[in-house]
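**Student:**
Numbering (the numbering used here), first residue to last: 33 to 480.
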């Protein structure tokens, strides 16, 4: 058994994360418009078990109860997303004051509880009215998003000092245009995926510029998913293969923002196949607009070896004998540490772990408790890797566990439970799990 060391600086924050569509419910109340997920989830077969976010965790009506739970857990930060369609129902028209008020009340409640708000502008729920105009394939999407961001900055920038533009652009473009598992549900269209991603990255840069003009004393970044590709061995061939794999996956969004260019090998591949649109120097400068921090969502690591039979990345997967989660994701804290070591060498801005967590088949005992010791073990292992990287010089400012509540896990529906807090989907009763109590004790220990 590896030694577990959990040492974090006093100014390091611990929090939890959620996303609007996954927890809020009230999908058509108080002037809210329809999002692409509202429409997509109502199509039979798109979401497991026919689940939808119509009610979800009913956070919209139980917000104060949920903030009280956060306070009971001693959370120092709460990362949440704003539903674009609550703020501007059709995406680009009139502002909905009821939507503005809901998030304003949430922010006030958080501040009253001593919890730092971390606001994500976009967590996958594009207004359906904008999708009907082409969505992220329309170059006007940069202007749509910038205007929406400006409305949010003006409404909340006096109280919220930490903002995220986008959550995981790789996921919603790849799943939206290549696998078809997410809206708009298109399969195999790499050119559309890359064009949509290019517009998303420009939207990010444009929003950062708007932020600088509106919020004078805040911080802004972007959240990228990083299922890091680590070499199966330290041979020169495997190390080079892993680097190539990272270019095609997480690096496609990481490198433009951090280095101001698309990854060279991957860009050459897509360009030769007519899948990379023309990119101007001004667009790349906009995409690389300086940010204050980088958010990373990480759940597992892939291990790869060199394989010339793969014409694109030149890799083949290697499957180490490790435990897997309910979603069949490998538990690979060593790969997490390798990824953090890479960031320590190349990142010029602070890091925040904005999501990390595990899905389990949690069971409520007859006494009414949830004894999720495997989740505690997972958190110990990943936080130990993070603690080690920080001690070695990584500038990481915080960690947000995914998720605060059990919730709708997108196309997987409600069956996979990630929460620190159990939600009974029949009664909506909240129960803090054993892992939530452990996390609370960890926060207390850090602050002693």
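All C-beta atoms in this analysis are idealised placements derived from N, C-alpha and C, irrespective of residue type, glycine included.
Using only the alpha-carbon positions, how far apart do residue 162 and residue 74 sit?
**Tutor:** Approximately 18 Å between the Cα atoms of the pair.
**Student:** For residue 395 versus residue 330, is the C-beta spacing smaller than 8 Å?
**Tutor:** Result no, Cβ atoms of residue 395 and residue 330 do not sit closer than 8 Å.
**Student:** By how many angstroms is the C-alpha of residue 260 removed from the C-alpha of residue 337?
**Tutor:** Taking the straight line from one Cα to the other gives about 14 Å.
**Student:** Quick check on the burial criterion: 16 or more other C-beta atoms within 10 angstroms. Buried or exposed for residue 305?
**Tutor:** With fewer than 16 Cβ atoms within 10 Å of its Cβ, residue 305 is classed as exposed.
**Student:** If you drop the 5 nearest sequence neighbours on each side, which residues of the same chain put their C-beta closer than 8 Å to that of residue 95?
**Tutor:** So the qualifying residues of the chain are 134, 137, 138 and 141.
**Student:** Could you tell me how far apart the beta carbons of residue 101 and residue 462 are, in whole angstroms, since I believe they sit closer than 8 Å?
**Tutor:** The Cβ separation is near 6 Å, so the contact holds.
**Student:** For residue 70, count the other beta carbons within 10 Å of its own beta carbon; 16 or more makes it buried, fewer makes it exposed. Which is it?
**Tutor:** It is buried - the Cβ of residue 70 has at least 16 other Cβ atoms within 10 Å.
**Student:** According to the neighbour-count rule (16 or more other Cβ atoms, all chains shown, within 10 Å of its Cβ), is residue 390 buried or exposed?
**Tutor:** So residue 390 ends up on the buried side.
**Student:** Rank 213, 411, 87 and 423 by C-alpha distance to the C-alpha of residue 475 and give the top, closest one.
**Tutor:** Checking every option, the nearest Cα to that of residue 475 belongs to 411.
**Student:** Looking at the secondary structure, which residues open and close the alpha helix (DSSP H) in which residue 173 lies?
**Tutor:** Start and end: 173-188.
**Student:** Check each candidate in 203, 170, 244 and 98 and name the one with the smallest Cα separation from residue 443.
**Tutor:** Ranking the options by Cα distance to residue 443, first place goes to 203.
**Student:** With DSSP as the reference, identify every bridge partner of residue 433, one or two as the case may be.
**Tutor:** 48.
**Student:** Is the Cβ-Cβ distance between residue 157 and residue 460 less than 8 Å?
**Tutor:** The answer is no: Cβ separation not under 8 Å.
**Student:** Classify residue 191: buried if its beta carbon has 16 or more other beta carbons within 10 angstroms, exposed otherwise.
**Tutor:** Exposed is the call here.
**Student:** For residue 267, report the span of its alpha helix (DSSP H) as first-last.
**Tutor:** Per DSSP, residue 267 belongs to no alpha helix (DSSP H) and is neither H nor E.
**Student:** Buried or exposed: which applies to residue 132, given that a residue is buried once 16 or more other Cβ atoms fall within 10 Å of its Cβ?
**Tutor:** Classification for residue 132: buried.
**Student:** So, at 7 Å on beta carbons, what are the nonlocal neighbours of residue 267 in its own chain, with the 5 sequence-adjacent residues on each side left out?
**Tutor:** Correct list: empty, nothing qualifies.
**Student:** What residue does the alpha helix (DSSP H) around residue 288 start on, and which one ends it?
**Tutor:** Segment 283-291, the alpha helix (DSSP H) holding residue 288.
**Student:** Kindly identify the DSSP beta-bridge partner or partners of residue 337.
**Tutor:** The partner list for residue 337 (beta bridge, DSSP) reads 348.
**Student:** Output the residue ranges of the beta strand (DSSP E) runs that lie fully inside the segment 180-257 and measure 3 residues or longer, sorted by chain position.
**Tutor:** DSSP runs (the beta strand (DSSP E)) wholly in the segment 180-257: 194-199 and 251-257.
**Student:** For residue 419, does the three-state DSSP call read helix, strand or coil?
**Tutor:** Correct three-state label for residue 419: helix.
**Student:** Applying the criterion that 16 or more other CB atoms from any shown protein chain within 10 Å of the CB defines a buried residue, is residue 265 buried or exposed?
**Tutor:** By the 10 Å Cβ count, residue 265 comes out exposed.
**Student:** Short of 7 Å in beta carbon distance, which residues of its chain neighbour residue 39, apart from the five on each side in sequence? Order them along the chain.
**Tutor:** Cβ within range, chain order: 419 and 423.
**Student:** Out of 127, 333 and 166, which one is the CA nearest neighbour of residue 369?
**Tutor:** When each option's Cα is compared against that of residue 369, the closest is 333.
**Student:** Around the Cβ of residue 246, are there at least 16 other Cβ atoms within 10 angstroms (buried) or fewer (exposed)?
**Tutor:** Exposed, since its Cβ has fewer than 16 Cβ neighbours within 10 Å.
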